[in-house]
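One structure is given here, and the rest of the page talks about it.
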Amino acid sequence: MHLKIDLHVHTIYPADSLITPEEVAFYARKQGLDGVAVVDHDRLDSALKISRELDFLIIPGMEITSSDGHVIGLNVQKPVPRGLMAEETVDKIHDAGGLAIACHPATFFKGSLGNRVTSRFDAVEVINSSAIPFGYSAKHGERIASHSGVARVAGSDAHYGPEIGCAYTAVDAEPTVDEIVNAIGKGFCQPFGKAIPLALRLKREFLVLRRRSGFARKWTENVEERSVSRDT
Ligand SMILES: [Zn+2]
Ligand SMILES: [Zn+2]
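Be aware that the sequence shown starts at 0, since it is given in numbering that gives the first Met the number 0, and climbs by one per residue.
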């Protein structure tokens, strides 16, 4: 069975994403996806919570900030610490029962592993819809994947609902988390996708900025209220 899975989605729990759990399922269904991997930055609790609560196929995981660049721990059963070297991070992911994916290995502004991807990884994210520049990133991602000889996958790296599904991995598996993760580990998968359209990126940036300024305003008001109540 061919499944369409977006393997790289962030939710509202880290402050830089706008996507609520309900939106994950809504936009994934709208894009005809069969499942989504939720991989928030350096935390696993949000993905585990969503995978339990949503009536939609969620593969839990986390995007780990290694000292060499970002690594996705797909379906890890316990959190993997940040700040370790890439090789050590891969070991920890395997110890935690997950797959190690070298995400956006050749892009700017994102913490990329570059040539530090080895055959000990389980997959390389050849297509990342948020990567800048997209064409360069996909071309060099492909080179890194063929050099390391591991599976090739894709994900949107969505931080805003309508970005979900801009890229997806076609997986030859039955629709359960274990079957999908096993199939990816064996390379029964293929990456598809495109860059997030510029208009969508700009809209996301605008919404993130508006949210941040809303937070800043609320915080300032709280501080003012507190100092007023202390003065009176
Ligand atoms: Zn990243
Ligand atoms: Zn990401």
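Beta carbons are placed, not taken as given, at the ideal position from N, Cα and C, and that holds for glycine.
What you are looking at is a predicted structure, and each value in this text was computed from that prediction instead of being measured.
Buried versus exposed call for residue i [16 or more other C-beta atoms within 10 Å across all chains shown]
i	result
Phe-191	exposed
Asn-114	exposed
Arg-51	exposed
Glu-0	Residue 0 is actually Met in this sequence, not Glu. By the 10 Å Cβ count, Met-0 comes out exposed.
Glu-162	buried
Asp-39	buried
Tyr-167	buried
His-146	exposed
Ala-198	exposed
Leu-208	exposed
Pro-104	buried
Asp-94	exposed
Met-84	exposed
Minimum C-alpha distance to residue i - residue among the options
i	options	result
Ile-4	Arg-151, Pro-196 and His-69	Arg-151
Arg-200	Gly-140, Val-170 and Phe-133	Phe-133
Glu-87	Phe-108, Ser-129, Thr-64 and Thr-19	Thr-64
Val-8	Gly-68, Arg-51, Ser-129 and Ser-111	Ser-129
Gly-97	Gly-213, Gly-140, Tyr-12 and Asp-177	Asp-177
Gly-140	Thr-106, Gly-82 and Phe-55	Thr-106
Per-residue DSSP class, three states only, for residue i
i	result
Asp-5	strand
Asn-127	strand
His-103	coil
Asp-39	strand
Thr-88	helix
Arg-81	coil
Pro-261	An answer regarding residue 261 cannot be provided, because it is not within the stretch 0 to 231 covered by the chain.
Arg-142	helix
Ser-212	helix
Glu-73	Here residue 73 is Leu; the residue named in the question, Glu, does not match the sequence. The answer is strand: DSSP assigns Leu-73 an E or B state.
Leu-17	coil
Ser-235	The structure shown does not extend to residue 235, since the chain is modelled only from 0 to 231, so the question has no answer here.
Val-23	helix
Phe-191	strand
Practice item. Entirely within the region 159-186 and at least 4 residues each: give me those alpha helix (DSSP H) ranges in chain order. Key: 176-185
Check your understanding: Are the region 171-190 and the region 18-25 in contact at 8 Å, needing three or more beta carbon pairs?
Key -> no
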